[in-house]
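The block underneath contains the structure these notes are about, expressed in structure tokens.
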Amino acid sequence: MLILIPIGHTVNSAYGQFSDSQPVINDPSLKADLVFQGLRNPTSMAFLGPNDILVLEKDQGTVQRIVNGNMLPQPALHVTVATEGERGMLGIAIAKHTTTNGITAKFVYLYYTSAGAHLGNHVYRYELVGNKLINPKLILNLPASPGPIHDGGKVEIGPDKNVYVVIGDLRNHRTQSQNMASGGSPDLTSGIIRVTQDGTPVPNSPLGIMYPINLYFAYGIRNSFGMDFDPVTGKLWDTENGPNYGDEINLVEPGFNSGWAQVQGIWTPRGEIENENAGPLNLHPTNLVDFDGKGKYRAPEFIWFQCVAPTALKFLNSTKLGKQYQNDIFVGDYNYGNLYHFKLNQNRTALVLGSTLADRIAYTPEDAKPLVFGTGFNGGITDLQVGPDGYLYVLTFAGAIYRIVPVSSKSSVISNVVIPSTKCFVQIF
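Dropping the structure here:
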């Protein structure tokens, strides 16, 4: 859903409240410590090591490094990015590799929108040397038009060591990857794209052997800002954004078809592009593109009927918040600054939602309240990560990083470098 929020202002809602106060964790044994504040519209973060975080700033095209609660004077990288709508510096993932000298080093994968004559969404692989990212290698060349929204942008390294990247439909683009049979061949939009760490196709693609369908792991995705792999099963899950309804959480098997633009949530879209509303129920869509039976539609595991704009999805592969949260799913939202908690069933193919959500749909804010783990993340949540210390870290678009810890823990060091939020409207989702 498209929403305009004045950054730096207070927004009240039935879901939560944006303010300058500290976020509230609903478990009384836990709290949210402020680790750092002063980032400029950050989108994603990744840990290099304990208390060592790389953070992306959307419109600045910068990769900042925060060590022990302080931002280094110079960014690790600065590139010129397109900034309209949801374009910009968007996604990051880190992978270890062994150099020719036998030294263990780190590759840093960045997803960003190049500006100017070479407008496009690109994934580059960088080497981290000292405090700088150098030697860029183009891994993926993705479209950015028509845009300027629905660029997706999250990057993950899978258990198979391959690189997974999510991209949306670029506003109103329609091809077979958006389930339009007459719309032309897939063109690396509306999908989760998978390549090796060198940018080559992964063998045994679930949807076909010809380019570019051989790069698709999943398709039919309107837009997404979150995905992660289950540490127990290795299966991929994502969040997806609806238009005026139908935000989703999905289990993404190889060849997964999420159904867009024929179905969102469990309803057929009705209305003009960008102003679609929920039409008739469409529980068993039959007009989907399936690439000779290889593509498999699966209904969402959970739906917010009223949009919250879900963003990051993260499995907490740690007992640091208590064994009751180990390997559970946490999801952030942008619209209300809420953090949600989901438990999985025994075989980890569905969510345990309770009797009031037996149909897997939260129709109202009241319906979703049992799932709310934390509130008051000012500016909306853009990323979640588990640090090397095993705690859950929360990144907000207003420029702060929080760490969820037991109330008995000492407070984190807070940087003295603070950049005030600008009084401007930011278009996102």
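Count along the sequence shown from 1, add 5, and you get the number used in this note's numbering.
Using N, Cα and C, we set each Cβ at its ideal position, and we do this for glycine too.
None of the values given here were measured: they were computed from a predicted structure.
DSSP places P370 outside any beta strand (DSSP E); the residue lies instead in the alpha helix (DSSP H), whose first and last residues are 370–373.
Taking 8 Å as the cut-off, the Cβ atoms of N343 and V377 count as close.
A contact is defined here as three or more CB-CB pairs under 8 Å, and the region 357–374 fails this definition with respect to the region 315–333. The count of Cβ pairs closer than 8 Å, one atom from the region 60–79 and one from the region 32–48, reaches three, so the stretches are in contact.
C-alpha of H155 to C-alpha of G247: approximately 11 Å in a straight line. With fewer than 16 other Cβ atoms from the protein chains shown falling within 10 Å of its own Cβ, M215 counts as exposed. Shown here for D235: same chain residues with a beta carbon closer than 7 Å to its own, the five before and five after excluded, namely W242, F320, R353 in chain order. The beta carbons of L389 and Y396 sit about 11 Å from each other, so the pair does not count as a contact at 8 Å.
Rounded to whole angstroms, the Cβ separation of T244 and V336 is 6 Å, and the two are in contact under 8 Å. The DSSP assignment places complete beta strand (DSSP E) segments of no fewer than 3 residues inside the region 106–194 at 109–119, 125–134, 137–147, 160–162, 168–172, in order along the chain.
Bounds of the beta strand (DSSP E) holding T103 are 94–103. Fewer than three pairs of CB atoms, one per stretch, sit closer than 8 Å, so the region 201–213 makes no contact with the region 267–274.
Within a 10 Å sphere around the beta-carbon of T180 sit 16 or more other beta-carbons, which makes this residue buried. With respect to M232, Y169 sits close: the two C-beta atoms are nearer than 8 Å. Of all alpha-carbon atoms in P290, M185, K301, P305, the one lying nearest the alpha-carbon of D252 is that of P305. Scanning I334, G298, D338 for the CA closest to the CA of Q311 turns up D338. Shown here, K325 sits in coil according to DSSP, grouped into three states, outside any helix or strand. Here the alpha carbons of L145 and N106 stand approximately 27 Å from one another. Boundaries for A266: no beta strand (DSSP E) harbours it, and the DSSP string shows neither H nor E there. Between G96 and G152, the C-beta gap is not smaller than 8 Å, which leaves the two residues out of contact. The residues N249, R275, G276, in chain order, have a CB closer than 6 Å to that of N282 in the same chain once the five nearest residues on each side in sequence are set aside.
The shortest C-alpha to C-alpha distance from G163 to any of R130, R199, Q183, L147 is the one to R199. At the C-beta level, I386 and A37 stay beyond 8 Å of one another. Classified as exposed, S187 has fewer than 16 neighbouring CB atoms from the shown chains inside 10 Å of its CB. Within the region 221–293, the runs of beta strand (DSSP E) that reach at least 3 residues and sit entirely inside it are, in chain order, 221–224, 231–234, 241–245, 252–257, 272–275, 282–286. The alpha-carbon of L35 is positioned some 16 Å away from that of D394. Closest in C-alpha terms to N56, from the list G404, V391, K159, comes V391. Counting only runs that start and end inside the region 343–419, the beta strand (DSSP E) elements of at least 3 residues fall at 344–349, 377–380, 386–391, 397–401, 405–411. Looking at the DSSP output, D338 shares a beta bridge with P315.
As a beta-bridge residue in DSSP terms, M50 pairs with V60.
Relative to the Cα of K166, the nearest Cα in the group R365, A405, T205 belongs to T205. In the structure shown, I71 adopts extended strand secondary structure according to DSSP, grouped into three states. Spanning the alpha carbons of G359 and G196 requires a straight line of approximately 31 Å. Boundaries of the beta strand (DSSP E) around G196: 196–200.
Contact between G43 and G404 is confirmed by a C-beta separation of about 6 Å, below the 8 Å threshold. The Cβ atoms of V72 and A81 do not sit closer than 8 Å to each other.
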